[in-house]
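Structure, as structure tokens:
In the working numbering, the protein residues as written are 9 to 681.
This is the structure:
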């Protein structure tokens with residue numbers, strides 16, 4: 009009986025149960041550090057006894073200064089050549105074990121509430137050709153960092169200028185490092201004042217440095233039907249995310265199929281900052297169908313042990329027969345289904361099926377028709393052209409899988425094809441797809457090339473057809489069959505590129521000469537046109553100037569006439585309003601008691617003062633109508649009280665005068681707006 013080792017998912021579950029840490033990201037960080045050894049990981053995170061053992065010794069100081077290495081200085085034979093200058097600031101009496109704090113990287117962040125932990129920040133400080141490495145807990149302040157630098161450099165804290173904080177320009181000394189949301193590794197630059205009161209800058213930080221963005225990825229594991237919420241730094245690549253997800257889901261990177269990424273996620277080397285995604289994004293991952301099929305085919309059948317050796321032998325033969333029958337009867341799904349609708353759909357299906365069968369490490373197949381691929385590779389200026397490699401696949405050939413896995417998908421071939429070729433793939437396993445290909449080949453290269461492909465025996469597949477454009481003709485340069493080794497394949501590809509390079513050099517030279525001739529002709533034509541246009545412009549300018557003066561004169565006369573007409577019209581309107589309101593204004597009270605009358609005195613800008621009495625029960629509207637009759641419309645004038653200063657024209661006209669807190673004798677000032 010073969011006992012399989014526990015899966016990473018089982019180890020993760022056991023670690024969570026024993027340690028009590030529920031956050032998946034934190035658990036993965038511990039297990040990665042211990043190479044997924046459960047016992048080692050538990051020993052690192054379980055709380056230690058507070059008793060000081062004899063070999064530990066008492067803590068001399070809360071700050072350990074280990075050693076200093078200066079850039080350019082000699083390193084002794086027993087000294088480290090990478091980071092020697094390390095200042096280690098650790099809190100001895102912390103309740104959190106230091107391994108737990110050190111594993112809190114900026115690649116994986118907690119997604120659920122946990123007891124507060126201490127992170128150690130690595131600060132590489134550049135100053136006067138030296139690099140000082142500080143390891144400081146994030147609960148310390150910026151002032152603590154400057155105190156450490158003072159001990160090492162002798163530069164007073166008050167004169168230190170630290171630059172390079174991610175996302176911040178000026179930070180006070182009392183600011184705690186944890187409030188800055190810094191990543192684990194940081195590069196800072198220390199500046200000091202010089203005699204002329206300027207600031208001496210050594211190794212200025214890059215100006216393009218951007219604040220570190222944290223992205224929350226909510227990932228649905230469709231294989232295990234589990235959700236995960238993990239935080240990643242913006243500098244994390246898609247490949248790094250896939251590797252971390254493999255630690256959780258146990259789905260290998262090359263078998264992961266994702267949904268939810270934006271179109272900008274075209275390469276595994278792209279970082280989250282480059283994708284242009286929101287701070288939180290929903291994703292889903294599953295295992296490719298081809299991988300699941302291979303797992304089913306390779307499933308190990310454990311047979312319980314028996315005392316009878318004959319029974320064991322019979323069982324083994326029975327298992328072999330079962331697997332031989334399953335293997336013989338199983339046929340892989342074609343890379344392109346029979347009777348595909350069109351070439352574009354077929355090429356997309358080919359690319360996806362190829363990745364499912366042979367993994368994500370393969371040449372990039374152009375998605376489109378053969379005509380589109382030819383335009384992309386050959387129908388461009390000579391300087392921008394590439395060779396076109398048409399890969400023809402046939403599932404009935406015994407060489408197909410060997411050629412794909414051991415030649416076409418090797419890093420050397422992929423790199424060379426990507427640099428020098430546009431690669432287009434097609435599956436001719438079905439007769440309908442073969443006929444569709446031959447129709448396209450006949451259209452572009454003639455019936456002879458199509459006849460050659462038709463006569464290829466199945467054992468000759470797969471075939472790599474190299475196409476180049478030379479002297480305005482697009483032609484097939486060579487056929488590379490599947491019965492080659494890697495060296496022969498690379499030799500054929502290099503030979504094709506060398507021939508094309510020489511042809512391209514000649515055509516680029518011809519294009520440059522033709523462009524130079526056309527450029528001279530264009531310059532002459534442009535000079536003639538410029539001269540002709542200059543003469544025409546002079547004539548048109550004179551004519552336009554004359555027309556402009558005449559038009560301006562007419563417009564000025566028209567505007568003056570309109571203004572005068574508008575003025576007269578407004579005067580007529582005001583006079584009509586004044587006459588209509590004059591009869592509506594109540595008479596000035598005569599026999600009313602003093603407490604029922606308000607005596608107004610008006611100071612106007614264009615004449616002597618005048619007075620008027622109003623009953624306290626009169627509406628503000630009647631008061632304003634009186635002012636309109638006098639020629640002081642509220643639209644043009646303000647009526648202001650002295651104490652307190654108020655503009656009566658801005659109050660509600662339906663209010664009674666007694667409600668406006670006016671005195672029995674009120675002086676009002678009329679001002680033009």
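Ideal Cβ placement from N, Cα and C applies to all residues, glycine included.
field: Closest residue to residue 628 among 647, 585, 270 (Cα-Cα distance)
entry: 647
task: Taking residue 460 as the reference, give the member of 344, 226, 484, 496 with the closest Cα.
output: 484
- request: Go ahead and pull the three-state DSSP assignment for residue 194.
  value: strand
query: residue 294 bridges to which residues according to DSSP?
result: 265
- request: With a threshold of 16 other CB atoms inside 10 Å of the CB of residue 378, please say whether the residue is buried or exposed.
  value: Within 10 angstroms of the beta-carbon of residue 378 lie 16 or more other beta-carbons, which makes it buried.
message: I want to know whether the region 133-146 touches the region 182-193 - three or more CB-CB distances under 8 Å.
response: yes
message: Is it the case that the region 252-266 contacts the region 32-52, given that we only count it when at least three CB pairs across the two stretches are under 8 Å?
response: Here the region 32-52 makes contact with the region 252-266; the two share three or more CB pairs at distances below 8 Å.
query: If you drop the 5 nearest sequence neighbours on each side, which residues of the same chain put their C-beta closer than 8 Å to that of residue 350?
result: 377
field: Inter-residue Cα distance where the pair is residue 615 and residue 661
entry: 26 Å
query: If we ignore side chains and look at the alpha-carbon of each, how far apart do residue 53 and residue 269 end up?
result: 35 Å
query: What's the gap between the Cα of residue 666 and the Cα of residue 644?
result: 25 Å
message: Could you compute how far the alpha carbon of residue 385 sits from the alpha carbon of residue 432?
response: 10 Å
field: Closest residue to residue 258 among 278, 21, 587, 536 (Cα-Cα distance)
entry: 21
Span separating the alpha-carbon of residue 586 from that of residue 580: 10 Å
query: Considering only the beta carbon of each residue, do residue 156 and residue 198 sit closer than 8 Å?
result: no
field: Distance between residue 263 and residue 288 (C-alpha atoms, nearest Å)
entry: 25 Å
message: Since residue 407 and residue 470 should fall inside the 8 Å C-beta cutoff, what is the C-beta to C-beta distance between them, to a whole number of angstroms?
response: 7 Å
Simplified DSSP state of residue 100, which is helix, strand or coil: In this predicted model, residue 100 has a pLDDT of only 35, less than 50, meaning its place in the structure is not dependable; the value taken from the coordinates is given anyway. Coil at residue 100, not helix or strand.
message: Taking 8 Å as the limit between beta carbons, can you name the residues of its chain near residue 617, skipping five residues before and five after?
response: 609, 610, 611
message: When you compare the region 437-452 with the region 361-373, are there three or more beta-carbon pairs, one atom per stretch, that lie closer than 8 Å?
response: no
field: Closest Cα partner of residue 424 within the set 500, 446, 390
entry: 500
8 Å Cβ shell around residue 504 - same chain, five flanking residues per side excluded: 395, 474, 476, 485, 486
query: Which same chain residues, not among the five before or five after residue 430, have their C-beta less than 8 Å away from its C-beta?
result: 374, 381, 384, 385, 394, 395, 396, 397
query: Rounded to a whole number of angstroms, what is the C-alpha to C-alpha distance between residue 607 and residue 564?
result: Taking the straight line from one Cα to the other gives about 49 Å.
message: Give me, in chain order, the residues of the same chain whose beta-carbon lies closer than 8 Å to that of residue 356; leave out the 5 immediate sequence neighbours on both sides.
response: Within the same chain, residue 356 has close Cβ partners 375.
field: residue 48 burial status per 10 Å Cβ neighbour count (16 or more: buried)
entry: Residue 48 comes out exposed.
message: Would residue 489 and residue 468 be called neighbours here (beta carbons separated by less than 8 Å)?
response: yes
field: Distance between residue 221 and residue 281 (C-alpha atoms, nearest Å)
entry: The alpha-carbon atoms of residue 281 and residue 221 are separated by roughly 7 Å.
- request: Keeping to the same chain, check which residues put their C-beta closer than 6 Å to that of residue 640; ignore five residues upstream and five downstream.
  value: 678
field: Between the CA atoms of residue 534 and residue 523 - distance to the nearest angstrom
entry: 16 Å
Residues that residue 229 bridges to, as DSSP identifies them: 234, 293
query: Comparing alpha-carbon positions, which option in 591, 613, 594, 623 lies nearest residue 601?
result: 623
query: Cα separation between residue 362 and residue 387?
result: 27 Å
message: Taking the straight line between their C-alpha atoms, what separation do you get for residue 297 and residue 413?
response: Roughly 18 Å separates the two Cα atoms.
task: Note the first and the last residue of the continuous beta strand (DSSP E) segment covering residue 537.
output: In this chain, residue 537 is not harboured by any beta strand (DSSP E); it is covered by the alpha helix (DSSP H) spanning 494-590.
field: Whole-angstrom distance between residue 172 and residue 539, CA atom to CA atom
entry: 57 Å
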